[in-house]
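S.K.:
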Amino acid sequence: MATVSTYLNFARETEAAFNFYKAVFGTDFIEGIHRYGDMPPSDEFPPASEEDKNLIMNMTLPIVGGHLLMGSDCPSSMGMIVNIGNNSHISLHLDSKEEVQKYFNSLAEDGKITMELQDMFWGDYFGSCTDKFGIQWMFHCPS
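The opening residue of the sequence shown carries number 15 in this note's numbering; numbering runs sequentially from there.
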């Protein structure tokens with residue numbers, strides 16, 4: 015079943031922020047914490063530096079009403095610059111590649127594709143864009 019979540023990016027503070035949110039909402043992380051050091055090596059995604067290996071690649075926390083907060087660290091050493099305004103996404107978790115492509119193509123029109131749709135190592139078909147109004151979107155479905 016399709017769901018929507020909010021995806022938050024931090025320079026290097028994801029774990030601290032999510033531990034704070036965990037205490038506020040009294041919930042626990044779903045599927046644990048995934049770190050950059052856990053990522054398999056590939057040509058597209060070079061291995062993380064020693065100082066970045068322990069940073070958060072992805073984590074998920076249920077908050078209220080079935081809504082999920084998801085997040086990751088985006089350190090400048092990996093070429094990512096986090097600023098207020100570019101640090102959150104609306105994340106669509108859809109049921110099929112066709113749905114993903116439909117919404118991706120529509121929202122990317124007159125906007126900017128930030129990651130082309132592709133099968134990812136974690137098992138999802140994934141891509142992202144910024145729409146023509148500056149809102150950032152992520153798209154997922156099982157591969």
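Every residue, glycine too, gets a C-beta built ideally from N, C-alpha and C.
In this text, all values refer to a predicted model and were calculated from it rather than measured experimentally.
Rounding to the nearest angstrom, what Cα-Cα distance links ILE127 and VAL114 in this structure?
M.R.: If I take the Cα positions, the gap works out to 14 Å.
S.K.: Report the partner residues of PRO76 according to the DSSP bridge assignment.
M.R.: Per DSSP, LEU82.
S.K.: With DSSP as the reference, identify every bridge partner of PHE140, one or two as the case may be.
M.R.: PHE140 pairs with GLN132 and HIS154.
S.K.: Can you tell me where the alpha helix (DSSP H) with THR28 in it begins and where it stops?
M.R.: Here the alpha helix (DSSP H) through THR28 covers 28-39.
S.K.: Suppose the cutoff is 8 Å on Cβ atoms and the five residues either side in sequence are ignored; what does the same chain contact list for ASN23 look like?
M.R.: Contacts found: GLY85, SER86, ASP87, CYS88, MET94, VAL96, ASN100, ASN101, SER102 and HIS103.
S.K.: Which full runs of the alpha helix (DSSP H) of 4+ residues lie inside the region 93-122, going along the chain?
M.R.: If we require 4 residues or more, the alpha helix (DSSP H) runs fully inside the region 93-122 come out as 111-122.
S.K.: Since HIS107 contacts HIS154 with CB under 8 Å, what's their CB separation in whole angstroms?
M.R.: Yes, HIS107 and HIS154 are in contact; Cβ-Cβ is about 5 Å, under 8 Å.
S.K.: Could you check which residue in MET92, ALA62 and ALA37 has the C-alpha nearest to that of PRO76?
M.R.: Nearest of MET92, ALA62 and ALA37 to PRO76, Cα basis: ALA37.
S.K.: Could you please give the first and the last residue of the uninterrupted beta strand (DSSP E) stretch that includes SER19?
M.R.: Segment 17-24, the beta strand (DSSP E) holding SER19.
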